[in-house]
Structures are given as C-alpha cells and as structure tokens.
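Engineer:
Number of protein chains: 2
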Amino acid sequence: MLLPMSPTSSMFLLGETREHPMHVGGLQLFQPPDGADALDVRAMFEAAVADGDVAPLFSKRARRALTTFGQWGWEPDRSFDLEHHVRFNALPRPGRVLELLALCSRLHSSLLDRHRPLWEMHLIEGLEDGRYATYFKVHHSMVDGVSALRLMQRMLSEDPDERHMPAPWALRSPAPRRADGVDVAQLPGALARGALELAGATPAILRLLNRSLSGHDEVVAAAPKSMFNVPITGARRFAGQSWSIDRIRRISKAGEATLNDTVLAMCSGALRSYLLELGALPDVPLIAMVPVSLHTSESSAEGDGGGNAIGAVLCNLGTHLDDAGERLRTVHASMQRGKESLQGMSQLQILAVSAVAMSPVVLEWLLRAHGRMRPVFNLIISNVPGPHSQLYWNGARLDGVYPLSVPIDGQALNITCTSYADELAFGLTGCRRTVPHLQRLLTFLDDELAALERATGVA
Amino acid sequence: MLLPMSPTSSMFLLGETREHPMHVGGLQLFQPPDGADALDVRAMFEAAVADGDVAPLFSKRARRALTTFGQWGWEPDRSFDLEHHVRFNALPRPGRVLELLALCSRLHSSLLDRHRPLWEMHLIEGLEDGRYATYFKVHHSMVDGVSALRLMQRMLSEDPDERHMPAPWALRSPAPRRADGVDVAQLPGALARGALELAGATPAILRLLNRSLSGHDEVVAAAPKSMFNVPITGARRFAGQSWSIDRIRRISKAGEATLNDTVLAMCSGALRSYLLELGALPDVPLIAMVPVSLHTSESSAEGDGGGNAIGAVLCNLGTHLDDAGERLRTVHASMQRGKESLQGMSQLQILAVSAVAMSPVVLEWLLRAHGRMRPVFNLIISNVPGPHSQLYWNGARLDGVYPLSVPIDGQALNITCTSYADELAFGLTGCRRTVPHLQRLLTFLDDELAALERATGVA
Chain D
1 MLLPMSPTSS MFLLGETREH PMHVGGLQLF QPPDGADALD VRAMFEAAVA DGDVAPLFSK
61 RARRALTTFG QWGWEPDRSF DLEHHVRFNA LPRPGRVLEL LALCSRLHSS LLDRHRPLWE
121 MHLIEGLEDG RYATYFKVHH SMVDGVSALR LMQRMLSEDP DERHMPAPWA LRSPAPRRAD
181 GVDVAQLPGA LARGALELAG ATPAILRLLN RSLSGHDEVV AAAPKSMFNV PITGARRFAG
241 QSWSIDRIRR ISKAGEATLN DTVLAMCSGA LRSYLLELGA LPDVPLIAMV PVSLHTSESS
301 AEGDGGGNAI GAVLCNLGTH LDDAGERLRT VHASMQRGKE SLQGMSQLQI LAVSAVAMSP
361 VVLEWLLRAH GRMRPVFNLI ISNVPGPHSQ LYWNGARLDG VYPLSVPIDG QALNITCTSY
421 ADELAFGLTG CRRTVPHLQR LLTFLDDELA ALERATGVA
Chain U
1 MLLPMSPTSS MFLLGETREH PMHVGGLQLF QPPDGADALD VRAMFEAAVA DGDVAPLFSK
61 RARRALTTFG QWGWEPDRSF DLEHHVRFNA LPRPGRVLEL LALCSRLHSS LLDRHRPLWE
121 MHLIEGLEDG RYATYFKVHH SMVDGVSALR LMQRMLSEDP DERHMPAPWA LRSPAPRRAD
181 GVDVAQLPGA LARGALELAG ATPAILRLLN RSLSGHDEVV AAAPKSMFNV PITGARRFAG
241 QSWSIDRIRR ISKAGEATLN DTVLAMCSGA LRSYLLELGA LPDVPLIAMV PVSLHTSESS
301 AEGDGGGNAI GAVLCNLGTH LDDAGERLRT VHASMQRGKE SLQGMSQLQI LAVSAVAMSP
361 VVLEWLLRAH GRMRPVFNLI ISNVPGPHSQ LYWNGARLDG VYPLSVPIDG QALNITCTSY
421 ADELAFGLTG CRRTVPHLQR LLTFLDDELA ALERATGVA
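Those protein sequences? They're chains D and U, same order as listed. For the first sequence, UniProt numbering assigns the number 1 to the initial residue and increments by one for each residue that follows. For the second sequence, UniProt numbering assigns the number 1 to the initial residue and increments by one for each residue that follows.
#1: What does a CB cutoff of less than 6 Å around D:Cys267 pick up in its chain, not counting 5 residues either side in sequence?
#2: Would D:Cys417 and D:Val384 qualify as a contact pair, given that the criterion is a beta-carbon distance under 8 Å?
#3: Grab the span of the alpha helix (DSSP H) containing D:Met44 for me, first residue to last.
#4: Please identify, using Cβ separations under 9 Å, the residues of the region 81 to 104 of chain D that lie next to chain U, in order along the chain.
#5: What is the rounded straight-line gap between the Cα of U:Pro387 and the Cα of D:Val138?
#6: Considering only their Cβ atoms, is the gap separating U:Glu423 from U:Ala270 smaller than 8 Å?
#7: For U:Gln439 and D:Ala425, what's the separation of their Cα atoms in angstroms?
#8: Identify each residue in the region 39 to 71 of chain D for which the Cβ-Cβ distance to at least one residue of chain U is less than 9 Å, and report them in chain order.
#9: Compare the C-beta of D:Ala412 against all C-beta atoms of chain U and say whether one is closer than 8 Å.
#10: Taking the alpha carbon of D:Gly338 as the point to measure from, which residue in D:Gly318, D:Met289 and D:Leu328 has its own alpha carbon closest?
#11: For a contact meaning CB atoms closer than 7 Å, what does D:Ala235 contact in chain B?
#12: Who are the Cβ neighbours of residue 466 of chain U in its own chain at under 7 Å, not counting the five residues just before and after it?
#13: Would you identify the three-state DSSP class for D:Thr262, choosing helix, strand or coil?
#14: Under 7 Å Cβ to Cβ from U:Leu29, same chain only, skipping five residues before and after it: list those, please.
#15: Pairs of beta-carbons, one from the region 319 to 333 of chain D and one from the region 441 to 459 of chain D, closer than 8 Å: are there three or more?
#16: In chain order, what residues of the same chain have a beta carbon less than 7 Å from the beta carbon of D:Asp261, not counting five sequence neighbours either side?
#17: Could you name the residues of chain U that D:Ser79 contacts, counting a contact when the two beta carbons are closer than 8 Å?
#18: DSSP has U:Ala396 in a bridge; who is on the other side?
#19: Less than 7 Å between the CB of U:Gly234 and some heavy atom of the ligand FAD, yes or no?
#20: Mind checking the region 116 to 134 of chain D against chain U and listing, in chain order, the residues whose C-beta falls within less than 7 Å of any C-beta there?
#21: When the Cα atoms are used, what is the spatial distance from D:Gly93 to D:Glu99?
#22: Within 10 angstroms of the Cβ of U:Ala312, are there 16 or more other Cβ atoms? Answer buried if so, exposed if not.
#23: For D:Ala179 and D:Phe136, I'd like the C-alpha separation in whole angstroms.
#24: Please report how far the alpha carbon of D:Met121 lies from the alpha carbon of D:Arg96, in whole angstroms.
#25: Name, in chain order, the residues that DSSP records as bridge partners for U:Met121.
#26: Quick one: grab the DSSP three-state call for D:Met142.
#27: Count Cβ pairs between the region 400 to 414 of chain U and the region 228 to 247 of chain U that sit closer than 8 Å; are there 3 or more?
#28: Exposed or buried, D:Ser389, counting other C-beta atoms within 10 Å across all chains shown (16 or more means buried)?
#29: For U:Leu29, list the residues DSSP reports as bridge partners.
#30: Going by the beta-carbon positions, is the gap between D:Ala170 and D:Asp81 smaller than 8 Å?
#31: At the 8 Å Cβ level, is D:Gly303 part of the contact set with chain U, yes or no?
#32: Are the C-beta of U:Arg397 and some C-beta of chain D separated by less than 8 Å?
#33: Is D:Arg106 buried or exposed, if buried means 16 or more other CB atoms sit within 10 Å of its CB?
#34: Taking the C-alpha atoms as reference points, what is the distance between U:Gly430 and U:Glu162?
#35: Answer yes or no: does any C-beta atom of chain U fall closer than 8 Å to that of D:Arg440?
#36: Which value, in whole angstroms, describes the spacing of the CA atoms of U:Asn378 and U:Asn316?
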C-alpha cells in the first residue's frame, strides 16, 4: 500500500531530469578519537552496515501507482539493500581537500536510483590529514537541505565519550521536519493548499509572488542578466570552506550590520571579483534571494536553531560598488527594507514567498510556465543555523560540515552557509559547465573577509 | 553545424532512460614497468591530461537541433573540458579486486552527461597488488562494446620499451568501426535502410526476425521465463575474472567442441548452479543469443581478430541437465544446427539478425512494441576476440581487460568474454536489483571449468 506524499515532495520527483538532479547533500569531516585513525572511524561505519539496522524513513521508496491515479506515494522497499546505499570511497593521492571536493562534485552530479530509497551515504577515506569524511546525499522529496543537515546532526552527541551510537540511517527518532518547521504532509490546511495552488502556477499567484518579492525595493525589480541565469547541465562543481564566526561577528558589530549582512557582503565582494576576472560583471548590482526568519530578524544569521526561515528577501548585493564598506552598507540597507516589507505582508503573500523559499523549483516552473526570461534574482544565498557546540560520533569529533545544494535552470550557482561550533561554512554548488573555477570563489571570499575587516576598522 | 548521426547510433540516445544507461565499458589492469609503481602509471596519464590534446572523435558531442527537425547529430564541443572526462579514483582499503569491481559497478551505473562528449576515463589507484586500473566508459551511440575494446587496444603496443605513447583520447588514427566491421554512418545502402526499417518496428520485420532466430531448432522456440527476463533498474553489478585459454582449449579438443562451445558450457553450468542456489532454475533449458561470425565457424571463438560476428545463433544451454559433459554436448549440437541454419539464410534475414546482434535495444523495442512478453532468449553471451600478444602502454604491461555491457529491460544479465594473450576474461554485467551476488557466478564458472575438465577426461 502506498502512503501519501505531500505535493511539495512530489514536485521534486516530477521536476527532476538528468540535467536537474533534485537531491541535496552534506559533506562532513571527522577527526578520529585519540589513539585511533581514520580507518577506525570507517570500521565503526562498517560495523553499522554489517548490523543491517535501518530506520523506516530510510527504507521507504517513492512509487507512482495506477491505483493512486499516477500520484507519487511512499512504500517500504521490500528488497532493501543497505550496501547499495552505504558506499566506501577513497581519495586519490595526495588526498588533499582539493581531491575531496572533486569527489564530492562528482558524487553530487549523479542521479539517485528511483527504484530504491532516495539516499546514499558515502564514506571517504584517504585524507592526507588523517581525518575521515562522509558525504550524505538525499532526495529533496525526502527532506530539504536544512533538514538533511539536521538529520546528520541528530546522529551526533556533545559527549566525546559516548559510544554505541547508531549510524544515521538507523536513527529512529521522529522524522525530520522541513526547513520551515512545517512538514507539509502533516498539514491538512492552508499551507498544503497554497503549495498546490503554486504548483498549479496560476497567473494570480505569480503576480502575487512578484509583488511580494519585489515590492519593497525599486532596485530589486531590475536584477540583471548574468552568467548564472542560464540553462544548466547535469555535472556539478562543489567548493566549500569555513571561516571563524568571531571574525564575521566583529565586522558586523563594527559595521552596525547583522551577521547575515556580513555573510552577504562577503558573497557580494567575492562574486564581484569572480565576475570581474571572467569579464562578466553586470553594470547593475546582482540580486540575491535570501531566506530569512519572520520571527526575529537576527536569528537566522546567529544560528539559534529555532529560527523558522519561512520568509525570503530580495537583497541588492551592491556588486557594482568597488568599496567593501559600501557594499556592506548597501546589503544592510536592502535587507532592512526587505524585512520591514516582509513584516507588512498578508498571510497569503507570506505563503507564496515561503513556498518559493522552500523550493526554488516552484519558482523555476512559474517563470518557465509564464515565459518570463528575465531573472527575478541572480542566485539564492541561504544561511542555515547549525549547532553551537562541538559534536561527536562515537568519539570522532565532527570537524566541519558543508552543505551541497541544488542548482536549477536559470540558477546555476547556489551558496548555502551553515554554522557549526565557532565556524561558518560556505558551500558553493554550481553547474560545472556554467560556473568555471568555483574554487576561485573561496579565495575571493577569504579576500573579502579581510577587506571587510579593513573597511570596518577591526583589522 | 551538425554532422549526421547514423540511425543505429541515434537509437541508443533515444532509447536511453535513467533505468537503461546505454554505455559500454572496459576495465583494464596494468602492471607498472620494472622499477616503477602504480603512481608512476598515473603520472603518465596526468601528463597526458596536462598536455590537453584530444582527438576529434572524443571532442564531439551529440545534439538534437531544430534545424535538423529533431534528429540527433554530432558537433564539436567548443568548451571541451578534459578534466571532466578523465577522472582520478582510488580504491578503499584493502584495495582487492573486490573493491575494484564494486567501484566499476558504480561507475557503470551513472549516466553520461549529454551536454558533453559521451565518454569518461576513470583512472584507479590503490590496488593492493601494486597494479593500476582504468575503466573506460563510452556511449553506445559513439561505439559499440567491441569497438570500445578495440579502441582501448589501439592505444597499446607490443613493444614494452616504446614510450611517448598518447593517451587513448588523443589517438588520431581512423575512427573505430562497429563490431561487425561496418560503420553504419558510412553505409548509404542496404544495411542502414535495414536498421531504419527495424527501428520502425514493422510487424513484417518482427516476423522475419522470429523466423530467422528460431527456425533452426524446435527447442529454442520455448525459451523459459526466468529471473533475468524482467524489467530492470538503474544500478549495475559487475564481476569479472580470467581463465587460461589453454585449459578451455584442452576441454574443447577432448570434447570435440569449439572453444566457444566450451565457453557457453561454462556459462551453462555456472548459470545452473547460480539459479539452483536461488531456487530459480527453470525446468526447461535457458536459451542464449550468441553472436557468431558468418565467415568461419571457429574464428569468433579463437580470437583471430578478423571474425566479423554479424550473425546470431540461439543456443540451447542445456541448463536442465545435471551432467557437465551432457551440457557441453547439448550446447555443441545446438550451436552446430544454428550455424548451419544461419548459412541457409537470405540476405534480408541475415540483415535482421545482425541488426539485433549489433544492438539488443532494437530487439527490446520490437518485443515491447508488439506486446510480446515471452522472452525469445534468456541472455546474450558474446565472445569477442582480442589480441594474441602481450600489450604495453608506455612500458606498463596490460594485465587483463574486462568488458562491461548493457543490460536492458527483459535482459538483466549480460555475459561478454574477451580473449587477451593466453587468457579469456569473462565480464558479467547485471541489474543490481535483479541479479544478486553476481560474484557467485564467478565461483560457479571456476567450478564448471573443473567439472568440464573431469567430464572430458583432461584432468
């Protein structure tokens, strides 16, 4: 018997093609416990595979049946095959972060097998620094990016001495909720119907969406065409790096901005340098769509874990300005106006905006269905709060966690940040063909952090 | 401007889905030159990547254009990205053949990026025995399996001291021909039209095909339903192993059979044991489709390299018999009758049979289009002649080569053999879900070789 699937989840199955895999991913780095090495961490995962235990969430598969008139639903996979899902990988020498990112780019490019539960866990050995890595890949129809990160965190403990902890696929605690704290499948009411209407792509909703997103700022109505806003191909490029939250916080304080403003300003400066180098910087500023919390304006940036980011703001990134301090002020002012505008929205407007924030694929459909070629925004920059404390899995210390997101047609680059302990990780996921040399963006992010420190007088 | 693509090639693009990747592959093992190690072999490939040279065959991509009324064609990839195509991999410890086969199974499962030239070369380090491996993957629309193997061989030399040899993707010698020695793209005449008619799936051709394939033997009209003849999923399982050609030849001589008969008898016994273990052995014998040469009845088995295998014979494998010697006699008799029947065929019948031998996907379409559920045969067993001598690439000795083929709906297992120097390699490619524990078949092949030696009195 098929269990029902929410309309939002179905959309990710219906919208998927070989050019648009609809899975999200997370890269995690582990420091082996004292006296152990990377292969000991692997041995713990191997033991969990041999044990064979798997939670219902990870053993259900998606199926479209005649009995449900072609609607997608969930059913248990009766020939579940754990070894298909948990895979052992190794890095070619010298096993630097460069080789790790190359492997993750490739793993993130291939489609999940639709006949099976829609996830893969890749165990990665061979890092020259002695750490062990995992890359977790899960279909957007099962969980969204934020939930995937939280799911991974649920396997962890603050206690370095805790042992006998289950593998993530064997976790039996409640199913993860979507990023907005709302599991659409559980909602009989307004939100589910709203998502359905959006999926129907009625012109009324599109007009509402345009008004909601662009009403607050004259600049954002004019997002330029850019190299990121083109059809994409199937191969992905991924790059990730972390920076100290303290450094970002000091800039924010001195610049009278939020932590998220500073993150956006880092992206702005880095994108400017990247586009300048490629001779592709538009004259007018790039516009980012930034999911934000509707409850407190600061929480989504500060990583309190309770911020339900169901709104979205269009942010003028000020990429036309050549001064880092001016870019930060422009971003801050634009975000302020956007959040104020969001607070004045009706419930239905918020519904429309949040559906888009939840699933960019909806937006793609809306734009495509209405022949709108001009991008409403140039890229999505999300900042997802993560845990404050150091976390461990069977004594192995989680050393870093990087989100891999979903580029779509017209949105060839995605930037997702997540905080963990005292660091903020940037995950850049792009179409391999459209976005060359993605690692350069990491260098430019680093440069921009230093430039913002100089501009605000903290360094 | 698009260059024309042959109808046969187009079929492999049109027929491809995420469950049916239409690429073939080859696994090659290299022994590093004296005084060098696996990483030195890798360094030679790296140098070739850095060099950046690529032949036109490997830099053209497939495209369907409005100007050609939606027909597929070839065009140069103007943003060709060699690093996308040549990939560095490593095996997790301990780096046995087991880990190598697991990696190849996964690499063979994922789709090629259709926006780029349809090939990938995977360089694989980390084998515990000090060897270096490559897995080459190429779309069936570019070359067929046999041509892919020949292509790999063209990069090699009989001279262990030859150096400065180009990488396979930089080879500028004439484009490889299809398995039958006929490049359909070059053929303006009968064969191309024949393939077109087949693609049109007219009932007349199907009737002809049925008559051609099954007329020669009353038994083969009754291929049983088996676990291999079901719809398949996207994930693959691959296993491969080599045996001494001398051992197989001695059995053939003593049993008054051809070498190919003995290969088929090995498959028969191994399939019987495998199906018995799974409780899935049909009461009536399995039927294999076996591509054969029309020129000399022995050449395709002996690996003379000149045998143009454009015919196909349906072979009664005798899997219902529990004596190895009896199975060999049954296979031999069935192959004899099949080849005699083939010699009596009209040109048009041979055309129909050869089109199917060239591209099983044609058959799948024909059967599906006509609602025929009952399999005409249970699996394809090919034996592709390879080179007689030891071959080298820049001093690294080719130690083994294993073909990876294309399972399709209704044909979940494919066995392809290829000879190299004094060994015969078996490559088993199956749908991961449908064909469990494929490695067991290798064990059973080994058992059966010994059983045939006992049955024919050579051991």
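Note that the Cβ used here is the ideal one computed from N, Cα and C, for glycine as well. Keep in mind it's a predicted model, so treat the numbers as computed, not measured.
Structural biologist: Put simply:
#1: Ile381 and Ile415
#2: For D:Cys417 and D:Val384, yes; Cβs fall inside 8 Å.
#3: Ala38 to Asp51
#4: Asp81, Glu83, His84, Arg87, Phe88, Asn89, Ala90, Leu91, Pro92, Arg93, Gly95, Glu99, Ala102 and Leu103
#5: 45 Å
#6: no
#7: 42 Å
#8: Leu39 and Arg42
#9: D:Ala412 does not count as touching chain U.
#10: D:Met289
#11: Protein chains in the displayed structure are D and U, and chain B is not among them.
#12: Look at the range of chain U in this structure, 1 to 459, and you will see that residue 466 of chain U is not part of it.
#13: helix
#14: When the five nearest sequence neighbours on each side are left out, the beta carbons in the same chain lying within less than 7 Å of the beta carbon of U:Leu29 are those of Arg131, Ala133, Asp399 and Gly400, in order along the chain.
#15: yes
#16: Ser252, Leu328, Val331, His332 and Met335.
#17: Arg433
#18: U:Trp393
#19: Ligands displayed in this structure: none; no statement on the ligand FAD is therefore possible.
#20: Glu125 and Gly126
#21: The displayed chain sequence assigns Arg, not Gly, to residue 93 of chain D. If I take the Cα positions, the gap works out to 8 Å.
#22: buried
#23: Model confidence at D:Ala179 stands at a pLDDT of 40, short of 50, so the residue's coordinates are unreliable and nothing is read from them.
#24: 20 Å
#25: U:Val86 and U:Phe136
#26: DSSP places D:Met142 outside both helix and strand once states are collapsed to three, so it counts as coil.
#27: yes
#28: exposed
#29: U:Ala133 and U:Gly400
#30: Here D:Ala170 is not near D:Asp81, since their CB atoms are 8 Å or more apart.
#31: Reliability of the predicted coordinates at D:Gly303 is poor, the pLDDT of 35 falling under 50, and the value obtained from them is presented with this limitation in mind. Answer no: the Cβ-Cβ gap between D:Gly303 and chain U never drops below 8 Å.
#32: no
#33: buried
#34: 38 Å
#35: At least 8 Å separates the CB of D:Arg440 from every CB of chain U.
#36: 10 Å
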